[in-house]
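Colleague: Questions regarding the structure given below will be posed in turn.
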Amino acid sequence: MRASCWHGKHDMRIDDVPEPSIMNRRDAIVRVTATAICGSDLHLYDGFIPTMKKGDILGHEFMGEVVEVGPDVPNLRAGDRVVVPFPIACGNCRACEVQEFSLCENSNPNAWMAAKLLGHSPAGIFGYSHMMGGFAGGQAEYVRVPFADIGPLKVPPGMPDEQALFLSDVFPTGYMAAEMCDITPGDTVAVWGCGPVGQFAIASAAMLGAARIIAIDRVPERLAMAANRAGATDTINYETQDVMDTLKELTGGIGPDACIDAVGMEAHTPGIMYAYDRFKQALMLETDRPIALRQAIMACRNGGTVSVIGVYGGFIDKFPIGSFMNRSLTMRTGQCHVQRYMKPLLQRIENGDIDPSFIITHRMSLDEAPQAYDLFKNKQDDCVKVVLTP
Amino acid sequence: MQGSYDGAAFDEGGAMPEVMRRPRFPTTAGHEESRTLGATSPERLAHRLGWFSISLGLAEVLAPRLLSRLLVGSDRYANLIRLYGARELASALMIFAQGARPTAAMWSRVAGDAVDIATLVAAGASPRTNRGGVAIAAASVLGVTALDVYCARQLSREPRAEPGIRMTRSVVVNRPPHDLYAFWREFENFPRFMFHVQSVRRTGPGITHWVVNGPAGATVEWDARITSDIPNEVIAWQSLDGSQVDNRGVVRFEPRPGGRGTIVRVDLLYQPPAGRAGKLVAMLFNESPEQQIYDDLHRFKQVVETGEVMRSDGSPDGMGDVLQQPAQPLPRRRTIASDTPKSSHEESSGGTR
Chain A
17 MRASCWHGKH
27 DMRIDDVPEP
37 SIMNRRDAIV
47 RVTATAICGS
57 DLHLYDGFIP
67 TMKKGDILGH
77 EFMGEVVEVG
87 PDVPNLRAGD
97 RVVVPFPIAC
107 GNCRACEVQE
117 FSLCENSNPN
127 AWMAAKLLGH
137 SPAGIFGYSH
147 MMGGFAGGQA
157 EYVRVPFADI
167 GPLKVPPGMP
177 DEQALFLSDV
187 FPTGYMAAEM
197 CDITPGDTVA
207 VWGCGPVGQF
217 AIASAAMLGA
227 ARIIAIDRVP
237 ERLAMAANRA
247 GATDTINYET
257 QDVMDTLKEL
267 TGGIGPDACI
277 DAVGMEAHTP
287 GIMYAYDRFK
297 QALMLETDRP
307 IALRQAIMAC
317 RNGGTVSVIG
327 VYGGFIDKFP
337 IGSFMNRSLT
347 MRTGQCHVQR
357 YMKPLLQRIE
367 NGDIDPSFII
377 THRMSLDEAP
387 QAYDLFKNKQ
397 DDCVKVVLTP
Chain B
162 MQGSYDGAAF
172 DEGGAMPEVM
182 RRPRFPTTAG
192 HEESRTLGAT
202 SPERLAHRLG
212 WFSISLGLAE
222 VLAPRLLSRL
232 LVGSDRYANL
242 IRLYGARELA
252 SALMIFAQGA
262 RPTAAMWSRV
272 AGDAVDIATL
282 VAAGASPRTN
292 RGGVAIAAAS
302 VLGVTALDVY
312 CARQLSREPR
322 AEPGIRMTRS
332 VVVNRPPHDL
342 YAFWREFENF
352 PRFMFHVQSV
362 RRTGPGITHW
372 VVNGPAGATV
382 EWDARITSDI
392 PNEVIAWQSL
402 DGSQVDNRGV
412 VRFEPRPGGR
422 GTIVRVDLLY
432 QPPAGRAGKL
442 VAMLFNESPE
452 QQIYDDLHRF
462 KQVVETGEVM
472 RSDGSPDGMG
482 DVLQQPAQPL
492 PRRRTIASDT
502 PKSSHEESSG
512 GTR
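In order, the protein sequences belong to chains A and B.
First residue of the first sequence: 17, per this note's numbering; consecutive thereafter.
First residue of the second sequence: 162, per this note's numbering; consecutive thereafter.
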């Protein structure tokens with residue numbers, strides 16, 4: 017079968033690889049009908065995530081048709097249409113019991129690798145490095161889905177792929193970012209990053225009752241999408257406006273009640289700060305550039321919440337702990353516990369509260385994945401989200 | 162050092178956490194000497210002599226003229242002293258390069274001492290030398306030689322064949338203690354999560370026969386008996402006298418408060434004998450005993466909580482190998498019939514697409 021394989025930094029290729037098969041009794045094999053490139057795939061593409069191996073199939077946002085199930089998957093049958101959550105979760109461990117699915121204690125066979133870098137291991141993730149389990153991803157014609165009795169959600173007949181696909185990651189992820197802000201009606205929420213997760217964080221903040229939502233990015237088209245489609249009330253282009261000043265001005269000086277970092281480890285900023293972090297990153301003195309995170313902390317109102325949903329991989333420098341501590345801030349974070357949100361968010365889609373397909377800017381074939389990565393990485397052609405079909 | 166022990170620590174508590182101290186294992190006969198490793202152990206002495214050689218060697222290499230003048234009143238032996246300094250440094254390097262037990266390096270030091278003594282005797286016989294200086298040098302060399310000979314002989318004499326391997330680890334499993342006790346009490350279950358164990362078979366009341374995989378297809382076998390068995394709390398076992406590999410293990414099941422599962426604490430101890438079997442076992446665990454027990458317990462948790470060992474394309478056998486397969490499907494279809502890695506390469510007759 018054809019699959020989108022990582023061969024090194026900025027080197028994706030379409031390879032012919034063997035088809036997957038059942039390896040565990042609770043596996044299913046899914047024929048992929050739609051898959052997407054996630055912003056976090058770009059961290060792999062840019063070579064910032066360790067423990068990658070040449071030939072790794074990427075992709076953790078995918079859906080399709082079940083073609084085979086293991087003996088212990090009573091809930092699915094061949095022919096079912098499913099969307100698959102990106103964290104792999106067993107449903108039996110303590111973390112799964114308390115619905116922290118992205119912290120599943122059993123789904124990562126390479127847990128020791130992640131534990132070395134992170135202290136403890138989170139769940140396994142499709143197509144996301146070997147320290148996250150070494151699972152083949154979904155940017156392929158077929159994919160093996162472990163714990164298929166727990167993760168995959170059946171898609172109602174009649175719902176197009178493009179509406180259901182983002183339940184695999186970016187919609188629940190953006191929703192969790194907003195949920196972590198404990199929004200009460202009337203709140204002001206600022207969102208750094210207007211990629212797909214930022215767009216869904218904005219839309220979710222609106223659904224959860226935020227009165228004012230301020231979107232921060234540098235790409236005019238993304239800011240326009242945030243304002244026109246996702247529901248942002250204000251936008252800040254950080255290349256032309258001072259973020260801190262503008263946020264203070266918009267909030268009467270006190271800052272937003274909650275700040276969402278939907279940027280993560282590869283942030284940009286004009287001026288000296290970016291050069292500083294880029295330099296330290298190049299010298300391996302830090303792995304991540306926490307520019308958005310620093311701003312989010314400094315900007316947040318006293319006693320407010322910083323919600324970190326953008327992906328970080330390792331270590332950062334110049335964390336403003338003084339601001340964070342003295343002003344009673346709360347930070348909440350995590351890879352999304354997708355399984356927790358899929359059903360309620362599917363209901364939102366069915367209710368017509370939201371049509372997640374609004375973020376799609378490009379539809380390409382799986383064979384064009386290498387070009388799609390390049391396009392998305394360089395934000396060419398106003399690219400926000402690429403959907404690939406095998 | 163983690164993963165090694167001196168035989169006595171296990172019985173006496175040593176650095177073990179409080180919870181691991183009981184039940185006590187009976188002392189293993191034949192390893193009492195290692196308990197006396199203290200300030201005067203030959204290993205430690207060898208390393209001290211190594212440091213002595215470094216300082217003396219450096220002095221000889223850097224200031225040979227000064228030393229020559231001090232000893233014999235002229236520069237005559239400066240070049241020779243520099244050469245001897247180089248030899249001192251080389252022997253120090255050998256000591257540190259040989260690691261914990263530098264037996265060969267110590268004997269080479271003794272040989273070097275003999276050369277030193279011969280030189281000094283020759284120098285003393287020469288009418289042109291300062292006999293007082295030579296006598297002082299000879300006295301120091303003889304003193305060091307005595308230490309070298311003592312140390313080398315001690316190192317050669319002690320039969321500490323291979324260091325023992327101790328593996329201690331705990332894991333939290335989301336099940337009550339009695340479930341886990343019952344699973345563990347069936348020793349036949351061990352190969353499902355301890356991948357170096359090929360089989361455990363009951364051969365008599367409280368007696369089990371173990372077959373453990375070694376490198377290159379070799380196996381090591383022994384019989385073990387249960388030494389402690391408190392339902393839902395603890396199981397301990399120990400190899401019978403005369404086993405190829407002297408080993409013991411204990412597992413404790415400690416309920417977490419609030420019904421939050423059980424802490425399973427495992428302490429395994431392998432005391433390989435001298436000789437081939439010992440080398441095999443040492444090789445088996447050499448990589449990282451801590452890693453081995455971490456993986457074993459992680460798989461134990463997977464088997465008990467989810468029903469089987471978790472596999473991925475990078476770790477198709479659930480081994481978490483350092484050498485990962487690329488994350489893409491393997492060319493051959495795999496069976497799901499067994500948790501043990503050896504059968505996982507068999508063809509499966511699963512459905513077609």
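By construction, the Cβ of each residue, glycine as well, lies at the ideal position given by its N, Cα and C atoms.
Remember, predicted model here, so these are calculated numbers, not experimental data.
(1) How many Å lie between G419/A and I424/B at the Cα?
(2) Which chain B residues are close to F78/A, counting only those with a beta carbon under 7 Å from its beta carbon?
(3) Along chain A, in chain order, which residues have C-beta atoms closer than 8 Å to that of D249/B?
(4) Could you name the residues of chain B that S56/A contacts, counting a contact when the two beta carbons are closer than 9 Å?
(5) Does M300/A get closer than 8 Å to chain B when you measure Cβ to Cβ?
(6) Would A156/A and L92/A be called neighbours here (beta carbons separated by less than 8 Å)?
(7) Would you check if there are 3 or more beta carbon pairs closer than 8 Å linking the segment 197 to 214 of chain A to the segment 361 to 370 of chain A?
(8) Return the first residue and the last residue of the alpha helix (DSSP H) that C312/B is part of.
(9) Between the Cα of D474/B and the Cα atoms of R18/A, A94/A, H23/A, V33/A, which residue gives the shortest distance?
(10) Taking beta-carbon pairs under 8 Å, can you tell me which members of the segment 328 to 345 of chain B lie near chain A?
(11) Hey, could you find the ends of the beta strand (DSSP E) R362/B is sitting in?
(12) Determine the direct distance from the alpha carbon of R327/B to that of S20/A, and round the result to whole angstroms.
(13) Using CA atoms only, rank isn't needed, just tell me which of R18/A, A139/A, H284/A, F102/A is closest to C210/A.
(14) Is the shortest distance between the beta-carbon of A130/A and the beta-carbons of chain B less than 8 Å?
(15) At 7 Å on the CB atoms, spell out the chain A contacts of E466/B, in chain order.
(16) Measuring straight from C-alpha to C-alpha, what distance separates I454/B and K132/A?
(17) I want to see whether chain A comes within less than 8 Å of D474/B, judged by CB atoms only; does it?
(18) Report all residues from its chain with a CB closer than 7 Å to the CB of L148/A; omit the five preceding and five following residues, and keep chain order.
(19) On the CB-based measure, 16 or more other CB atoms within 10 Å of its CB, does E265/A come out buried or exposed?
(20) Near R29/A, which residues of its chain fall below 7 Å by C-beta distance, leaving aside the five closest residues on each side in sequence?
(21) Would you say A19/A faces chain B, with C-beta separation under 8 Å as the test?
(22) Give a yes or no on contact between the segment 52 to 66 of chain A and the segment 373 to 391 of chain A, applying the rule of three or more CB pairs nearer than 8 Å.
(23) Is the segment 341 to 361 of chain A close to the segment 96 to 114 of chain A, with three or more CB pairs under 8 Å?
(24) For K70/A and chain B, any beta-carbon pair shorter than 8 Å?
(25) Going by DSSP in three states, T188/B sits in which element: helix, strand or coil?
(26) Give a yes or no on whether 8 Å exceeds the smallest Cβ distance from F216/A to chain B.
(27) So is Q115/A buried or exposed if we call it buried at 16+ other beta carbons inside 10 Å?
(28) Is there at least one Cβ from chain B nearer than 8 Å to R41/A's Cβ?
(29) For H459/B, does the three-state DSSP call read helix, strand or coil?
(30) Please list, in chain order, the chain A residues whose beta carbon lies closer than 8 Å to that of G211/B.
(31) Using beta carbons (cut-off 8 Å, strictly below), is R353/B in contact with chain A?
(32) Indicate the three-state DSSP secondary structure (helix, strand or coil) for T280/B in the structure shown.
(33) Between A488/B and chain A, is any beta-carbon pair separated by less than 8 Å?
(34) Is it buried or exposed, N342/A, if we count other Cβ atoms within 10 angstroms and call 16 or more buried?
(35) Using the Cβ count rule (16 or more neighbours within 10 Å means buried), how would you classify G199/B?
(36) Taking the runs of the alpha helix (DSSP H) that are 4 residues or longer, which of them lie wholly in the segment 295 to 345 of chain A?
Modeller: Let me lay it out:
(1) The shown model of chain A, from 17 to 406, leaves out residue 419/A, and the question about it has no answer.
(2) Taking the first sequence and counting its residues from 1, one reaches residue 78/A at position 62. Within chain B, no residue comes near F78/A; the closest Cβ sits about 14 Å away, beyond 7 Å.
(3) For the purposes of this step, residue 249/B is taken as the residue at position 88 of the second sequence. According to the sequence as given, residue 249/B is Glu; it is not Asp. What E249/B touches in chain A: nothing, since even the nearest Cβ is about 40 Å away.
(4) Indexing the first sequence from 1 puts residue 56/A at position 40. Per Cβ cutoff of 9 Å: no residues; S56/A is ~16 Å from chain B at best.
(5) On the first sequence, residue 300/A is found 284 positions in, with the first residue counted as 1. For M300/A, the answer is no, since every Cβ of chain B falls outside 8 Å of its Cβ.
(6) The residue given as residue 156/A occupies position 140 in the first sequence. The residue given as residue 92/A occupies position 76 in the first sequence. L92/A is positioned such that its CB atom lies no closer than 8 Å to that of A156/A.
(7) no
(8) Here residue 312/B is taken as the residue at index 151 of the second sequence, counted from 1. 292 to 318 is the span of the alpha helix (DSSP H), which, as asked, contains C312/B.
(9) As a first step, residue 474/B must be located in the second sequence, where it is residue number 313. For the options R18/A, A94/A, H23/A, V33/A, the alpha carbon positioned closest to that of D474/B is the one of V33/A.
(10) V333, N335
(11) Taking the second sequence and counting its residues from 1, the one referred to as residue 362/B is at position 201. Counting along the chain, R362/B sits inside the beta strand (DSSP E) bounded by residues 358 to 365.
(12) As a first step, residue 20/A must be located in the first sequence, where it is residue number 4. As a first step, residue 327/B must be located in the second sequence, where it is residue number 166. Using only the alpha carbons, I get a separation of about 44 Å.
(13) Against the first sequence, residue 210/A aligns to sequence position 194. It is H284/A.
(14) Start at 1 with the first residue of the first sequence, and residue 130/A comes out as number 114. False, the Cβ-Cβ gap to chain B never drops below 8 Å.
(15) In the second sequence, counting from the first residue as 1, residue 466/B sits at position 305. Chain A residues near E466/B: C106, N108, C109, N122.
(16) On the second sequence, residue 454/B is found 293 positions in, with the first residue counted as 1. On the first sequence, residue 132/A is found 116 positions in, with the first residue counted as 1. Their Cα atoms are separated by approximately 15 Å.
(17) By one-based count along the second sequence, residue 474/B stands at place 313. Yes, because at least one Cβ of chain A sits closer than 8 Å to the Cβ of D474/B.
(18) In the first sequence, counting from the first residue as 1, residue 148/A sits at position 132. Note on identity: in this sequence residue 148/A is Met, with Leu being the wrong assignment. The answer, listed in chain order, is N124, A130, G140, I141.
(19) Taking the first residue of the first sequence as 1, we reach residue 265/A at position 249. Exposed is the call here.
(20) The residue labelled residue 29/A in the question sits at position 13 within the first sequence. So the list reads C21, H23, P386, once near-sequence residues are dropped.
(21) As a first step, residue 19/A must be located in the first sequence, where it is residue number 3. Yes, because at least one Cβ of chain B sits closer than 8 Å to the Cβ of A19/A.
(22) yes
(23) Yes, the segment 341 to 361 of chain A is in contact with the segment 96 to 114 of chain A.
(24) On the first sequence, position 54 is the one that residue 70/A refers to. Chain B contact via Cβ: present.
(25) Position 27 of the second sequence, counted from the start, is the residue given in the question as residue 188/B. Legend: pLDDT at T188/B = 34, less than 50; position of this residue unreliable, no value from coordinates given.
(26) The count along the first sequence starts at 1 and reaches residue 216/A at position 200. Cβ-Cβ to chain B under 8 Å: no for F216/A.
(27) Within the first sequence, residue 115/A is the residue found at index 99, counting from 1. Q115/A comes out exposed.
(28) Sequence index remark: in the first sequence, residue 41/A carries index 25 (1-based). Chain B contact via Cβ: present.
(29) Here residue 459/B refers to the residue found at position 298 when the second sequence is read from its first residue. Residue state, collapsed to three classes: helix.
(30) Within the second sequence, numbered from 1, the residue matching residue 211/B stands at position 50. Per Cβ cutoff of 8 Å: no residues; G211/B is ~33 Å from chain A at best.
(31) Translated into the one-based positions of the second sequence, residue 353/B becomes position 192. Closer than 8 Å: no.
(32) As a working mapping, residue 280/B is identified with position 119 in the second sequence. Note: T280/B maps to helix in three-state DSSP.
(33) Here residue 488/B refers to the residue found at position 327 when the second sequence is read from its first residue. Chain A has a Cβ within less than 8 Å of the Cβ of A488/B.
(34) By 1-based counting over the first sequence, the position of residue 342/A is 326. Answer is exposed; the Cβ neighbour count stays below 16.
(35) Position 38 of the second sequence, counted from the first residue, corresponds to residue 199/B. Only weak support exists for where G199/B lies, its pLDDT of 40 falling under 50; the value from the coordinates is given anyway. The residue is exposed, with fewer than 16 neighbouring Cβ atoms inside 10 Å.
(36) 307 to 315, 337 to 342
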